[in-house]
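Under this note's numbering, think of the first position of the sequence shown as 648, with each following residue one higher. Heads up: the structure comes next, in structure tokens.
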Amino acid sequence: MRLLLIVLLFSTNVFSQSLTEKEINAYVTTIDSLRENNTLIKYWYPQIHYCGGSVYGYYLNDTLVYIESKYSAELGYTEETVYLFNDIYYKVIFYAHQAEWGKYKNDPDFDESKMTYTDTTYTIIFSEKIIFKKYSGNKLLSETADSELITDLLNCGQMMKEFLDKEKINAE
């Protein structure tokens, strides 16, 4: 499996061609398998940052291939997962669990214990064409790309990568 990953990425980088959705999904499956089998080296960034919260990077042969982050705040949290290789982003998954403050802002007697929340997952695949999907639970809400969100997530992914490049501690 590791050899397949290296051949796939080497051929893509050498010949400067983008991966198909199927190839990216194969890469993601391989990285997930390597991570689950503790084949990747896990590091964490020792600072908390607004762009990622707690940041972990997973490396294959000194190359960053996977970033995960979680940012928690009062009544909500976000998680971002990034699959990349040699500074090329292949897939980003962003999950937001947030309080629906807007529903209750005009109700002075609102009981916070009855707060409702949104659970939204965004999946973005950077193949020949960008594939964008927005879900609530298992329900597909939209496939219309949100360019502002994509830009923000890529910028955040780049910042997290830079954090890990500057300072990281072995998390094993």
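Backbone N, C-alpha and C define an ideal beta-carbon position, used for all residues, glycine too.
Pull up the distance between the alpha-carbon of residue i and that of residue j, whole angstroms please.
i: Glu825; j: Ser794; result: With the chain covering 648 to 819 only, the question about residue 825 has no answer from this structure.
i: Asp754; j: Trp748; result: 10 Å
i: Ser680; j: Asp758; result: 44 Å
i: Glu683; j: Glu721; result: 31 Å
i: Asp628; j: Asn785; result: Summary: the structure shown does not reach residue 628, with the chain confined to residues 648 through 819, and so no result is reported for it.
So, helix, strand or coil for residue i, using DSSP?
i: Ser680; result: helix
i: Asn672; result: helix
i: Ser760; result: helix
i: Thr667; result: coil
i: Lys808; result: helix
i: Ser701; result: strand
i: Asn685; result: coil
i: Asp799; result: helix
i: Lys786; result: strand
Report, in whole angstroms, the separation of the C-beta atoms of residue i and residue j, which I expect to be a contact under 8 Å.
i: Lys689; j: Glu809; result: Going by Cβ atoms, the distance from Lys689 to Glu809 rounds to 18 Å, so no, they are not a contact pair.
i: Thr725; j: Tyr718; result: 5 Å
i: Ile695; j: Met807; result: Wrong, their Cβ atoms sit about 12 Å apart, outside the cutoff.
i: Ala743; j: Thr710; result: Contact flag wrong, Cβ pair sits at about 29 Å.
i: Glu790; j: Lys776; result: Actually they do not touch by this definition, with Cβ atoms about 12 Å apart.
Taking one C-beta from the region 793 to 807 and one from the region 751 to 763 each time, how about it: are there three or more such pairs within less than 8 Å?
-> Contact between the region 793 to 807 and the region 751 to 763 is absent: fewer than 3 CB-CB pairs across the two stretches fall below 8 Å.
My parser needs the beta strand (DSSP E) runs of 3 or more residues fully inside the region 704 to 754; what are they?
If we require 3 residues or more, the beta strand (DSSP E) runs fully inside the region 704 to 754 come out as 710 to 720, 723 to 732 and 735 to 746.
Check: Using 8 Å as the threshold, is the region 666 to 683 in touch with the region 730 to 748, meaning 3 or more CB pairs across them?
Finding: Below 8 Å, enough C-beta pairs join the region 666 to 683 and the region 730 to 748 to call them touching: three or more.
Counting Cβ pairs, one atom from each stretch, are 3 or more of them under 8 Å apart for the region 678 to 694 and the region 704 to 711? Taking a contact to require three or more Cβ pairs closer than 8 Å, the region 678 to 694 and the region 704 to 711 qualify as touching.
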